[in-house]
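S.K.: Here it is, the structure, as structure tokens.
Residue numbers (our numbering), protein chains in the order written: chain C, 1268 to 1489; chain V, 2 to 126; chain U, 2 to 552.
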């Protein structure tokens, strides 16, 4: 694994193309990147907050329909997906841990497992979506399910598809980020002196998990 | 950060394993409480468990425990503003006068009908 | 502040070899389009926002021309609806929001912090191109049919009107990304790129205001993003989230929309306040009176600005409880703004005021923000708002703050920093004439609108009763004066760019930190990173020139 290291003061052990020369050292650069990532995550939280807000309002207005609809979702599959996503979050945490302790191979394996879990999550979600299509449990004007007829059922599915859809988009985005990190790991770009890339990619994946931790009970359980 | 090199040496994976197991236990717990239909407590219980789970993910998996004050502040501020959006919007919906035409009903519908099915909610086809 | 030997020598005019300025360091088109230099990105943003300001101004003049006559005149009703929508969208999303932060903020903030660049230079360039992409999409929609919803996109009309709302919504969504990335970049820059000795309580007040603005950009813009995205989905797929016929709640749309769009007016006005804090100190030759109060009130406005959005919805079906709460909370913004106005006047008091063009705009700004702000307090009173809601009174209030205050500050900044950016001076006489014309024209345009609104003329209407005509003609006359004022500025600034007298590094003798280096600065800003040893605008010290030197 080729791995040229720089000797720029303040940036020892960092691949040259990753140095921001306007910083006075790698510590400052890492801090900037970490803070930048957290700010980005904050914007993601607020992006979802809009939909959570809509969910709360309509749940308040249609309590009966929301309760009935959530019982008609496939709770076992939803729970399985929760376990899958939590475990993938765990493997990403391990990947960062191994990157930071110079265990490159273990780090790569953890990333591969994470990506497989992510695919699994999308697969299970696809099975659920197929069921909804068969039941005509669809958003807004497309709703014609026989299962729940209380007013507001169509609104529940509107929110269900918008929220899980937006989350799904984030899963796909997270997978692209993790694939890139995996490629860089295999190239030997990360080490105990520089693992910021893995850390930031991992942060994004944890956020995807965080959102699901709230979506799961709100959509499936109550 | 100066502590980065220390972590490289002393860093242990045990906390991650513990958190993972706790998260799975919480998931089981929320599944059980959620499917038992415990009435008005279902929502607070489910949200409390979800908050605990996300706190664990944020603090341990996402390393907020060892982050700088600025990153913590960013995260907390974001949550405060989510709370703000929800509070005032729900505050509005909860304190509005109730419409004589219930939400989702066609014009002319009166609230005299009992809770449940309104005519227009019948599937079109 | 202490400067490196090389920097002081160069500033003192010694014959030290001068690094090429950022303007000539690479002269090909690609060297601009592919630059990472925050100064070049700032200049590109400046050119872009000035173009959109011109475009929005032309739309406004067309509207005013139509309103000369109470009946149909010049343009038909649909075109009129499209024009006021385009005027709003262009002025707000393409001019006011990026104007001061993205153009001046980019150019000046690293200079003021003693940094070589912003924290993420590549992201900065990306932000510019995302801005262009969003603008291009929105303009494409405007050319291919336009929209007639007003810039607020209220549902359910926006999800049913046959006009081209979809591309414009997507354009706004993309513009939001640009705004978020710029804000994110600035926050990280302030946290990590300050020069040695530059503690938080020594930061220039412009940086404080940009920092507060960035917080709003990062926290509020995503909510607008998801809102316009959902409306776009509604248009295409009919999910019915905001459609009352399907159980949706249009007032929820307004909540989500104003959660962004009210704080967004602070995205527009806070940087303007920062510009005023800089210029008022520079031209009064006094350090800012109440530095801490001005800095903290910026953060205060950013915070309290999030608690006021419901005052747009007093008559929209919002609960009286929420309306009352929002009405009271809205007035807190007045307190923070008053703190600032008090301190600016305090800065001028017993200062050695140099009444140059920027100072003329500062005086205009103070007048407009006080009157605009006071009418805002009146509008936040729920009972009064029921009378004024959706009338020209609101239009005039909004324009007093957004054009009166924000554009005055933009012009003050443009004149104050013109030598910094281009190393040349403009014609002072023309500058003062144009400033007088603009302030006069602005009053003539919008004071009649206050009166019209109070008499009950609703906004956004194509036709109006004949007894409103006299005031409408007065307003259009004022708008024409305003247009001439801007035209004069455009001409003498373009002339100054090419033929203006080359100026010294610090032609105003200002002690703002951005004047620590050459005008125009070299690509890397400083030979060596300076060490900051004093507050900005500290005119009490008699430190030998180096920095403060008139050619």
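Ideal Cβ positions, reconstructed from N, Cα and C, are used throughout, including at glycine.
1) Is the separation between the beta-carbon of residue 46/U and that of residue 91/U shorter than 8 Å?
2) Going by the CB atoms, is the gap between residue 79/U and residue 67/U shorter than 8 Å?
3) By alpha-carbon positions, which one of 231/U, 503/U, 421/U and 188/U ends up nearest to residue 220/U?
4) Would residue 295/U and residue 334/U be called neighbours here (beta carbons separated by less than 8 Å)?
5) In chain order, what residues of the same chain lie with their CB nearer than 8 Å to the CB of residue 498/U, ignoring the 5 residues before and after it?
6) Taking one C-beta from the region 1361-1376 of chain C and one from the region 1319-1339 of chain C each time, how about it: are there three or more such pairs within less than 8 Å?
7) Taking beta-carbon pairs under 8 Å, can you tell me which members of the region 91-118 of chain U lie near chain C?
8) Answer yes or no: does any C-beta atom of chain C fall closer than 8 Å to that of residue 321/U?
9) Excluding sequence positions up to five away, which residues of its chain have a Cβ less than 6 Å from the Cβ of residue 553/U?
10) Which residue wins for smallest C-alpha separation from residue 1407/C, given the options 164/U, 206/U, 379/U and 240/U?
11) Return the bridge partner residues of residue 523/U from the DSSP annotation.
12) For a contact defined as C-beta to C-beta under 9 Å, what are the partners of residue 76/V on chain C?
13) Give the interface partners of residue 92/V over in chain U, defined as CB-CB distance under 8 Å, in chain order.
14) Any C-beta of chain U sitting closer than 8 Å to the C-beta of residue 1289/C?
15) Whole-angstrom Cβ separation of residue 1324/C and residue 250/U, contact assumed at under 8 Å?
16) Below 8 Å on the Cβ atoms is my contact criterion, and I expect residue 79/V with residue 1299/C to pass it. Report the Cβ-Cβ distance as a whole number of Å.
17) Keeping to the same chain, check which residues put their C-beta closer than 6 Å to that of residue 16/V; ignore five residues upstream and five downstream.
18) Using a C-beta cutoff of 8 Å, does residue 1350/C count as contacting chain V?
19) List, in chain order, every chain U residue whose beta-carbon is nearer than 9 Å to that of residue 96/V.
20) When you compare the CB of residue 177/U with every CB in chain V, is at least one pair closer than 8 Å?
21) List the endpoints of the continuous alpha helix (DSSP H) containing residue 487/U.
22) May I ask you to report which of helix, strand or coil DSSP gives residue 459/U?
23) DSSP has residue 590/U in a bridge; who is on the other side?
24) Using a Cβ-Cβ distance cut-off of 8 Å, determine whether residue 220/U contacts chain V.
25) Select from the region 250-277 of chain U all residues with a C-beta closer than 9 Å to any C-beta belonging to chain V, and list them in chain order.
26) Which of the three DSSP states is assigned to residue 74/U in this structure?
27) Under a Cβ-count criterion, where at least 16 other Cβ atoms within 10 Å of its own Cβ denotes burial, should residue 2/U be classed as buried or exposed?
28) Pair every Cβ in the region 175-182 of chain U with every Cβ in the region 199-210 of chain U, then say whether three or more of these pairs are closer than 8 Å.
29) I need the straight-line Cα distance from residue 496/U to residue 386/U, nearest angstrom please.
30) Which residues mark the beginning and the end of the alpha helix (DSSP H) in which residue 168/U is found?
31) Residues in the region 1394-1405 of chain C with C-beta within 9 Å of chain V's C-beta atoms, listed in sequence order?
32) Is any beta-carbon of chain U found at less than 8 Å from that of residue 82/V?
33) Using 8 Å for Cβ pairs, my map puts residue 26/U next to residue 524/U. What's the rounded Cβ distance?
34) For the alpha helix (DSSP H) that contains residue 1326/C, what are its first and last residues?
35) When burial is assigned at 16 or more other CB atoms within 10 Å of the CB, is residue 350/U buried or exposed?
36) For a quick check, are the C-beta atoms of residue 198/U and residue 533/U less than 8 Å apart?
M.R.: From the atom records:
1) Residue numbering aside, residue 46/U sits at position 45 when the third chain is read from its first letter. Residue numbering aside, residue 91/U sits at position 90 when the third chain is read from its first letter. In this structure, the beta-carbon distance from residue 46/U to residue 91/U does not fall below 8 Å.
2) As a first step, residue 67/U must be located in the third chain, where it is residue number 66. As a first step, residue 79/U must be located in the third chain, where it is residue number 78. Here residue 67/U is not near residue 79/U, since their CB atoms are 8 Å or more apart.
3) What you label residue 220/U is simply residue 219 of the third chain in a count that begins at 1. Taking each of 231/U, 503/U, 421/U and 188/U in turn and checking the Cα distance to residue 220/U, the smallest one comes out for 188/U.
4) Locating residue 295/U in the third chain gives position 294, where the first residue counts as 1. Locating residue 334/U in the third chain gives position 333, where the first residue counts as 1. Contact: no.
5) Position 497 of the third chain, counted from the first residue, corresponds to residue 498/U. 423 and 425, listed in sequence order.
6) With the rule of 3 Cβ pairs closer than 8 Å, the region 1361-1376 of chain C does not count as touching the region 1319-1339 of chain C.
7) Hits within the stretch, in order: 116, 117 and 118.
8) Along the third chain, read from residue 1 onward, the residue named residue 321/U stands at position 320. At a cut-off of 8 Å, the C-beta of residue 321/U has no neighbouring C-beta in chain C.
9) For residue 553/U there is no data in the structure shown, the boundaries of chain U being 2 and 552.
10) The residue given as residue 1407/C occupies position 140 in the first chain. Ranked by how close their Cα comes to the Cα of residue 1407/C, the residues 164/U, 206/U, 379/U and 240/U have 240/U in first place.
11) Numbered from 1 along the third chain, position 522 holds the residue referred to as residue 523/U. Paired residue(s): 22/U.
12) Counting from 1 along the second chain, the entry for residue 76/V is found at position 75. Neighbours of residue 76/V on chain C, chain order: 1305, 1308, 1309 and 1312.
13) The sequence position of residue 92/V within the second chain is 91, counting from 1. Under the 8 Å cutoff, chain U gives 320, 322, 323 and 326.
14) For the purposes of this step, residue 1289/C is taken as residue 22 along the first chain, with counting starting at 1. Cβ-Cβ to chain U under 8 Å: yes for residue 1289/C.
15) As a first step, residue 1324/C is located in the first chain; it is residue number 57 there, counting from the start. As a first step, residue 250/U is located in the third chain; it is residue number 249 there, counting from the start. Between residue 1324/C and residue 250/U, the beta carbon gap of about 6 Å places them in contact (Cβ cut-off 8 Å).
16) Counting from one through the second chain, the residue named residue 79/V turns up at place 78. Counting from one through the first chain, the residue named residue 1299/C turns up at place 32. Rounded, the Cβ-Cβ distance is 19 Å, inconsistent with contact.
17) Looking up residue 16/V in the second chain gives position 15. Hits under 6 Å: 61.
18) Sequence index remark: in the first chain, residue 1350/C carries index 83 (1-based). True, the Cβ-Cβ gap to chain V drops below 8 Å.
19) Looking up residue 96/V in the second chain gives position 95. Per Cβ cutoff of 9 Å: 320, 321, 322 and 323.
20) For this step, residue 177/U is matched to residue 176 along the third chain. Judged by the 8 Å Cβ criterion, residue 177/U is not in contact with chain V.
21) Looking up residue 487/U in the third chain gives position 486. Residue 487/U -> alpha helix (DSSP H) spans 470-500.
22) As a working mapping, residue 459/U is identified with position 458 in the third chain. Residue 459/U falls in the strand class under three-state DSSP.
23) One cannot answer for residue 590/U here, as it falls past the ends of chain U, which runs 2 to 552.
24) On the third chain, position 219 is the one that residue 220/U refers to. True, the Cβ-Cβ gap to chain V drops below 8 Å.
25) Per Cβ criterion, the list reads 250, 252, 253, 256, 257 and 260.
26) Position 73 of the third chain, counted from the start, is the residue given in the question as residue 74/U. The three-state reading of DSSP puts residue 74/U in strand, counting E and B together.
27) Mapped onto the third chain, residue 2/U falls at position 1. Reliability of the predicted coordinates at residue 2/U is poor, the pLDDT of 49 falling under 50, and the value obtained from them is presented with this limitation in mind. Result: buried.
28) The region 175-182 of chain U, when compared against the region 199-210 of chain U, does not touch it at the 8 Å Cβ threshold.
29) The residue given as residue 496/U occupies position 495 in the third chain. The residue given as residue 386/U occupies position 385 in the third chain. In a straight line, the C-alpha of residue 496/U is about 46 Å away from that of residue 386/U.
30) As a working note, residue 168/U is residue 167 in the third chain. In the DSSP annotation of this structure, the continuous segment of the alpha helix (DSSP H) that includes residue 168/U starts and ends at 166-193.
31) Per Cβ criterion, the list reads 1403.
32) On the second chain, position 81 is the one that residue 82/V refers to. True, the Cβ-Cβ gap to chain U drops below 8 Å.
33) By 1-based counting over the third chain, the position of residue 26/U is 25. By 1-based counting over the third chain, the position of residue 524/U is 523. The pair is a contact, with the Cβ atoms about 5 Å apart (cut-off 8 Å).
34) In the first chain, the residue the question calls residue 1326/C occupies position 59. Per DSSP, residue 1326/C is one residue of the alpha helix (DSSP H) stretching across 1293-1328.
35) Residue mapping note: residue 350/U aligns to position 349 of the third chain, counting from 1. The residue is exposed, with fewer than 16 neighbouring Cβ atoms inside 10 Å.
36) Working through the third chain from its first residue, we reach residue 198/U at position 197. Working through the third chain from its first residue, we reach residue 533/U at position 532. In this structure, residue 533/U lies closer than 8 Å to residue 198/U by Cβ.
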